[in-house]
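Take a look at the structure below.
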Amino acid sequence: MGKELAFSNLSHFTSVTEVAEYGPNLQYLRFMKKTLNIARSMAYGVALFSIAACGSADTATDAASAAENQTYYGSVIELDGALDASGLRAALAGSGRAQVKFEGEVTATCAKKGCWMDVASGEDTVFVRFQDYGFFVPTEGAEGKRTVMEGEAFFDTIEVAMLKHYAEDAGASEDAIAAITEPELRLAFTATGVMIED
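In terms of my numbering, the sequence shown opens at residue 434 and continues consecutively.
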């Protein structure tokens, strides 16, 4: 047996002859073995803690969502304090822009990608897009469902080309698309998080 040893072979060093043969290197090798075992134990501990922490957070969010039949898109948001359309208009009265929570009923979604939705509240319909196209809502089946969203509300002039594009996304007929000839001022919303209730 040579003096060059792999760390995995350290467990068999017990005899006085081996201690005499390897001398001060034996203490160093035992120290390194203990250090590696401690590092390995710490790595396992960190990995288990990370897995447990991630799993419990996801479980809590999923349990809360499932219990209330609510599905979240984008950021998970608190639902209290949401405004209806009249509250939204009042919030916009000063500067024309406001960071708010808004509540209404989904009337339409983009049938191609789910990249926008119309939300009715009172007599108003709010055109909702999603911040940086970072998330999407279902392309069908959301109509008639309650929704709460958080983000920025503002008035937006939508040009004819975009109105036609949105009408096409919604599955409008060619006649309905051709009838769009004027830009439209709409109450608009850029959402960072959306909840749709089943």
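Positions of the beta carbon are idealized from the N, C-alpha and C atoms, including for glycine.
So the beta strand (DSSP E) Ser554 belongs to, where does it begin and stop? Trp549 to Ser554
Relative to the ligand HEM, is the shortest distance from any of its heavy atoms to the C-beta of Lys545 smaller than 6 Å? Although the ligand HEM was asked about, the structure shown includes no ligands whatsoever.
Cα-Cα separation, Phe568 to Tyr505: 10 Å
Rounded to whole angstroms, what's the CA-CA distance from Gln503 to Met628? Just pull it up for me. 6 Å
Grab me the residues of Tyr545's own chain with a C-beta within less than 6 Å of its C-beta, minus the 5 sequence neighbours each way, in chain order. One detail in the question is off: residue 545 reads as Lys in this sequence, not Tyr. Excluding residues within five positions, the ones whose Cβ falls inside 6 Å are Asp602.
Is the separation between the beta-carbon of Val559 and that of Thr580 shorter than 7 Å? no
Please identify the residue among Leu620, Ile510, Phe588 and Arg562 whose C-alpha is closest to the C-alpha of Lys534. Ile510
Rounded to whole angstroms, what is the Cα-Cα separation between Thr540 and Ala624? 16 Å
Could you say which of Phe587, Arg562 and Gly604 lies nearest to Leu618 if we only look at CA atoms? Phe587
So, helix, strand or coil for Leu516, using DSSP? strand
Select from Glu630, Ala575, Asp557 and Gly507 the residue whose C-alpha is nearest the C-alpha of Ala621. Asp557
Quick one: grab the DSSP three-state call for Ala611. helix
Tell me which residue opens and which closes the beta strand (DSSP E) that Glu583 is part of. Arg579 to Ile591
For the beta strand (DSSP E) containing Ile629, name the first residue and the last one. Glu617 to Glu630
With burial defined as no fewer than 16 other Cβ atoms inside 10 Å of the residue's Cβ, what is the status of Met550: buried or exposed? buried
Rounding to the nearest angstrom, what Cα-Cα distance links Cys548 and Arg562 in this structure? 6 Å
Per-residue burial, Tyr566 [other beta carbons within 10 Å of its own, 16 or more giving buried]: exposed
In chain order, what residues of the same chain have a beta carbon less than 6 Å from the beta carbon of Asp589, not counting five sequence neighbours either side? Arg619 and Ala621
On a CA-only basis, which of Val570, Glu583 and Ala575 is nearest Ala531? Give me that one, please. Glu583
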